[in-house]
Amino acid sequence: MRILVALLGLVFSLSACAQEASGEYQEGKHYEVLEQAVRTTDPSKIEVAEVFAYSCSHCFDFEPLLQAWEKKQAADVYLAQTHAMWNPQMEPLVRGYYTSIALKVKEKTHMAIFNALHLERKQIVTAEQWADFFATYGVDKAKALSTFNSFGVTSQIKQAEARARGYKVAGTPEMVVEGKYRVSSRLAGGHAEMLKVVDFLVAKTRAERGTKAPAQ
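Count the sequence shown with mature numbering (1 follows the signal peptide of the UniProt record, and there is no 0) and you get residues -18 to -1, 1 to 198, in order.
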């Protein structure tokens, strides 16, 4: 009986090693499953959401890795970023982010905002300062000001807060795949490792859907 138990233990041990070696990641160890899934924007694709903050130095370091990762994704995967707001003092940054989306300049300004805050140590807090910043990217200052304080941007902020609450994020950056698998650098073991876990969960989602990655 003892020999049988020992053999079973050896089998399970080898299985675990093989799983780790093949790039398998485990729930509770490398990622968490949300008790209640958050509805995704486009159910026809696999959503990978990142919760970040412009004030977060870790998010600043992570952004180039994330941009490189995004460029490699198949057409059935899309990245959705949400700016966290832990306290009311963060609202100007959150409002600035959703203003860039409303003005359709996010692709040009996103990393530039990170650089301005973390490398150039600029203060971009007031509506005027944000309008001046967007003006350097060709946006009419009056339009930037009206957009910054618009009902549409305020609505986006409220939706972002609701998403972050649904994701149960504890810090930034964190990622959520398909509205239900949450990945943090703490669990994954680092920023690069977090993206590897995300890749695993994207593949897992395809398997759950019974689909394959489209040809690139």
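Idealized CB from N, CA, C, for every residue including glycine.
Out of the options, state which residue places its alpha-carbon closest to the alpha-carbon of residue i.
| i | options | result |
| --- | --- | --- |
| residue 69 | 158, 131, 153 | 153 |
| residue 138 | 64, 162, 189 | 64 |
| residue 41 | 184, 130, 174 | 174 |
| residue 78 | 8, 127, 54, 15 | 127 |
| residue 108 | 19, 181, 116 | 116 |
| residue 55 | 121, 114, 167, 184 | 184 |
| residue 136 | 30, 31, 81 | 81 |
| residue 19 | 106, 158, 172 | 158 |
| residue 181 | 61, 91, 101 | 61 |
| residue 7 | 165, 190, 191 | 165 |
Could you pull out every residue in the same chain whose Cβ sits closer than 6 Å to the Cβ of residue i, ignoring the five residues on either side in sequence?
| i | result |
| --- | --- |
| residue 187 | 28, 160 |
| residue 66 | 33, 35, 146, 154 |
Does the beta-carbon of residue i have 16 or more other beta-carbons within 10 angstroms, so that it is buried, or is it exposed?
| i | result |
| --- | --- |
| residue 46 | exposed |
| residue 119 | exposed |
| residue 155 | buried |
| residue 23 | exposed |
| residue 197 | exposed |
| residue 39 | exposed |
| residue 130 | buried |
| residue 193 | exposed |
| residue 75 | buried |
Determine the extent of the alpha helix (DSSP H) in which residue i is found, giving its start and end residues.
| i | result |
| --- | --- |
| residue 50 | 39 to 53 |
| residue 177 | 173 to 191 |
| residue 97 | 88 to 100 |
| residue 75 | 73 to 84 |
| residue 127 | 123 to 130 |
| residue 139 | 133 to 149 |
Hey, could you find the ends of the beta strand (DSSP E) residue i is sitting in?
| i | result |
| --- | --- |
| residue 60 | 59 to 65 |
For residue i, which residues in the same chain have their Cβ closer than 7 Å to its Cβ, ignoring the five residues on either side in sequence?
| i | result |
| --- | --- |
| residue 51 | 177 |
| residue 15 | 9, 162, 163 |
| residue 96 | 36, 42, 45 |
| residue 4 | At residue 4 the pLDDT is 46, less than 50, meaning the model places this residue with poor confidence; the figure from the coordinates comes in the next sentence. Contacts found: none. |
| residue 121 | 85, 87 |
Bridge partners of residue i, per DSSP?
| i | result |
| --- | --- |
| residue 158 | 31, 164 |
| residue 15 | 163 |
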